[in-house]
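Peer 1: Quick note, the sequences are listed as chains X and H, same order.
So for the first sequence, my numbering puts the first residue at 855; every next one is plus one.
So for the second sequence, my numbering puts the first residue at 119; every next one is plus one.
By construction, the Cβ of each residue, glycine as well, lies at the ideal position given by its N, Cα and C atoms.
Dropping a structure here in structure tokens format, bear with me for questions.
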Amino acid sequence: MEKLIKKGAEAEVWLRSWMGIPAVYKVRKQRRYMIQDLDELLRRQRTVKEAKILVEARKAGIYTPTVYFVDLNNSTIIMQYVKGNNMRKLLKEGINKPCFGLGRILATLHLAGIVHGDPTTSNFIISDSKIYAIDFGLSVHSSDIEDKAVDIHLVKEILSADIPEMFDESFGLVKEGYASVAGKDAEHIIERAKTIELRGRYARGQWG
Amino acid sequence: MQGKNITMLGIESTAHTFGAAIVTSEGRILSDVKEVYRGANGSGIHPAEASQHHAIYASRVLKQALSRAGIRMEDVDAISYSAGPGLGPCLRVGAVVARSLSSYFSKPLVPVNHAVGHIELGCLLSKASDPVCLLVSGGHTALLCSSMGKWRFFGETLDITVGQLFDQFGRALNFSSPCGPEIEKLANKGKKYIALPYTVKGNDMSFSGLLTSAKRMIGRYDVEDLAYSLQETSFSMLCEVTERALAFTEKKELLVVGGVAANKRLAEMLEQVCKRQEATLFVPPVEFSGDCGSQIAWVGMMHFQNGYSVKPEDGFVRQRWRVDEVQIPWRS
Chain X
855 MEKLIKKGAE AEVWLRSWMG IPAVYKVRKQ RRYMIQDLDE LLRRQRTVKE
905 AKILVEARKA GIYTPTVYFV DLNNSTIIMQ YVKGNNMRKL LKEGINKPCF
955 GLGRILATLH LAGIVHGDPT TSNFIISDSK IYAIDFGLSV HSSDIEDKAV
1005 DIHLVKEILS ADIPEMFDES FGLVKEGYAS VAGKDAEHII ERAKTIELRG
1055 RYARGQWG
Chain H
119 MQGKNITMLG IESTAHTFGA AIVTSEGRIL SDVKEVYRGA NGSGIHPAEA
169 SQHHAIYASR VLKQALSRAG IRMEDVDAIS YSAGPGLGPC LRVGAVVARS
219 LSSYFSKPLV PVNHAVGHIE LGCLLSKASD PVCLLVSGGH TALLCSSMGK
269 WRFFGETLDI TVGQLFDQFG RALNFSSPCG PEIEKLANKG KKYIALPYTV
319 KGNDMSFSGL LTSAKRMIGR YDVEDLAYSL QETSFSMLCE VTERALAFTE
369 KKELLVVGGV AANKRLAEML EQVCKRQEAT LFVPPVEFSG DCGSQIAWVG
419 MMHFQNGYSV KPEDGFVRQR WRVDEVQIPW RS
């Protein structure tokens, strides 16, 4: 059994057998457009970071694939295969209810001092009505409001680019989900996300 | 208007370049003339000086654009100008010229967003139809895709642009803006990679920490190695985010426009990104990747053919004007 599930920007994701069970092999392949030193540094850093935070995030109370093995020499993480659809696909089909869950997940991570760093909609998998968070390669340990707010800003950015027709409602659900866990802090963090957006090139204000 | 081949005068005046071009509705560029302001060594664009430069060169550039196209002002069907975003004093020169011509010759006036100009002229000249667009210049560093009648931000810099990164680093070495070509020359001679901050956050990037670090290293490291490392680090960030955009959207075209698109190393890296994602790279000719009148004339033409123009007294300028505020009816 061997199947390429996804060819992402950074890594190839294979479904392969590991110790007799089906597993996902996430392989960070060499990027020849970068000079070798930089590429190797990034792949190593991100592989370590991702493996560690997959485990920590689970301890914080969210669903992540179980890590089976890390092969640093090949920048590979072997982990549990989670069968399901990614959130982007569902959103494209007009289903935006999981946005609430996305907000909850981010808030749960933030409370545990973890900032996802790449909360794009394709990094959440819906499986048996549970939402799994994946792709922690850009995650950081931080309790800084600025870092948390960048997570929110990134979600907003991808929703407004990818599903403009459902943006308002979908981002509203993210904010509600976030506030349902983060409570009063949510207000400050969402306010900071607005500041980040206003720092953007040629921005003039107005934010929903 | 349909069916008839019409001509548009476009006036560019957002920053260092004053340009004028004549473009037809078939997308032919009949002429494109420009004059570029340069500040003193070690300094950037002084807005007042740049606007004076534009005012001095405006009539000469206009006359040349008309004579090279072989037409008179009376033959032009409409006039478009860069209404923003950009430096206020510079924008006003272009707007004043455009409004005056519009009023005197009774021609329709079309305000144009400069960034949309880069993207749409890039599409016209490179024949990209529905690309992911990397817009990388002194004013912008962003990845954009069009949907529902707008160019929308997929990812963007969180602080300064790559053009600013190169300009500010170059100025610390006593070059004058735009410094990109000088940095590229230096970088070509660099050999040793010096590690610099690499900051990608999701689909966004940050270059300010990179600038601070690189500037601090001036004097302590070989300047060619520094330029090389600065270019490699910033371009790797651009390429990573670009590859993410291609993988996420599953689009098969990549268009790169803006002043920094003229850099050969960037084009070479993006070519490899495209190979990995089985996409095609579209690069407009180098003389049209930076600021020019044609970008304004062409978008002006598209707006005009979709029924948009304003009265001379309504010809606005807008220093802050994001790409995703502009309705693009021809891409809905």
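(1) List the endpoints of the continuous alpha helix (DSSP H) containing residue 330 (chain H).
(2) Using a Cβ cut-off of 8 Å, which residues of the segment 271-295 of chain H contact any Cβ in chain X, in chain order?
(3) So, does the segment 402-411 of chain H touch the segment 1019-1032 of chain X, judging by three or more C-beta pairs under 8 Å?
(4) Would you call the CB atoms of residue 435 (chain H) and residue 201 (chain H) closer than 8 Å?
(5) Measuring alpha carbon to alpha carbon, tell me which residue in H:185, H:133, H:156 and H:234 is nearest residue 443 (chain H).
(6) What residues from chain X crowd round residue 258 (chain H), counting only those whose CB sits closer than 9 Å?
(7) Name the residues in the segment 366-384 of chain H whose C-beta lies less than 9 Å from a C-beta of chain C; which are they?
(8) Under the criterion of a Cβ to heavy atom distance below 7 Å, does residue 859 (chain X) qualify as lining the ligand ATP?
(9) State the CB to CB distance for the pair residue 903 (chain X) and residue 993 (chain X), rounded to an integer number of angstroms; the pair is presumed to be in contact (CB under 8 Å).
(10) List, in chain order, every chain H residue whose beta-carbon is nearer than 8 Å to that of residue 971 (chain X).
(11) Decide if residue 962 (chain X) is buried, meaning its Cβ has at least 16 other Cβ atoms within 10 Å, or exposed.
(12) Where does the unbroken beta strand (DSSP E) through residue 872 (chain X) begin, and where does it stop?
(13) So which residues of chain X does residue 203 (chain H) contact, with C-beta pairs closer than 9 Å?
(14) Residue range of the beta strand (DSSP E) that residue 934 (chain X) falls in?
(15) Between residue 246 (chain H) and the rest of its own chain, which residues show a CB-CB distance below 6 Å, the 5 nearest in sequence each way excluded?
(16) Using a Cβ distance threshold of 8 Å, determine whether the segment 977-987 of chain X contacts the segment 288-307 of chain H, with at least three qualifying pairs required.
(17) Do you know offhand how far residue 937 (chain X)'s Cα is from residue 983 (chain X)'s?
(18) What number of angstroms, rounded off, separates the C-alpha of residue 412 (chain H) from the C-alpha of residue 236 (chain H)?
(19) With 16 as the cutoff for other CB atoms within 10 Å, does residue 309 (chain H) come out buried or exposed?
(20) Could you pull out every residue in the same chain whose Cβ sits closer than 8 Å to the Cβ of residue 100 (chain H), ignoring the five residues on either side in sequence?
(21) Tell me whether residue 857 (chain X) is buried or exposed, calling it buried when 16 or more other Cβ atoms sit within 10 Å of its Cβ.
(22) Short of 6 Å in beta carbon distance, which residues of its chain neighbour residue 288 (chain H), apart from the five on each side in sequence? Order them along the chain.
(23) Say whether the segment 316-324 of chain H touches the segment 962-973 of chain X, bearing in mind that this needs 3 or more beta-carbon pairs closer than 8 Å, one atom from each stretch.
(24) Determine the closest residue to residue 882 (chain X) out of H:369, H:358, H:422 and H:145, with distance taken between C-alpha atoms.
(25) Would you say residue 390 (chain H) faces chain X, with C-beta separation under 8 Å as the test?
(26) What three-state label does DSSP hand residue 406 (chain H) in the structure shown?
(27) Is it right to say residue 901 (chain X) is buried, meaning 16 or more other beta carbons lie within 10 angstroms of its own, or is it exposed?
(28) With distance defined between alpha-carbon atoms, name the residue in H:334, H:213 and H:336 nearest to residue 437 (chain H).
(29) Alpha carbon to alpha carbon, how far is residue 368 (chain H) from residue 430 (chain H)? Give it in angstroms, no decimals.
(30) DSSP on residue 134 (chain H), reduced to helix/strand/coil?
(31) Can you name the start and end residues of the beta strand (DSSP E) that residue 316 (chain H) belongs to?
(32) Please state if the CB of residue 445 (chain H) and the CB of residue 143 (chain H) are separated by a distance shorter than 8 Å.
(33) Between residue 180 (chain H) and the rest of its own chain, which residues show a CB-CB distance below 6 Å, the 5 nearest in sequence each way excluded?
(34) Grouping DSSP H, G and I as helix and E and B as strand, with all else coil, what is residue 1007 (chain X)?
(35) Using a C-beta cutoff of 8 Å, does residue 146 (chain H) count as contacting chain X?
(36) Under 7 Å Cβ-Cβ, which residues of chain X neighbour residue 354 (chain H)?
Peer 2: In this structure, then:
(1) 326-335
(2) 271, 272, 273, 274, 275, 276, 277 and 279
(3) no
(4) yes
(5) H:234
(6) 1055 and 1056
(7) Absent from the structure is chain C; the protein chains it does hold are X and H.
(8) As presented, the structure is devoid of all ligands, the ligand ATP included, so that no description of it is given.
(9) 6 Å
(10) 319 and 320
(11) buried
(12) 865-872
(13) 1055 and 1056
(14) 930-934
(15) 371, 373 and 400
(16) no
(17) 11 Å
(18) 9 Å
(19) exposed
(20) Past the edges of chain H, shown from 119 to 450, lies residue 100 (chain H), and the structure says nothing about it.
(21) exposed
(22) 297, 300 and 301
(23) yes
(24) H:358
(25) yes
(26) helix
(27) buried
(28) H:213
(29) 43 Å
(30) coil
(31) Counting along the chain, residue 316 (chain H) falls outside any beta strand (DSSP E), and DSSP gives it neither H nor E.
(32) no
(33) 138
(34) helix
(35) no
(36) 888 and 892
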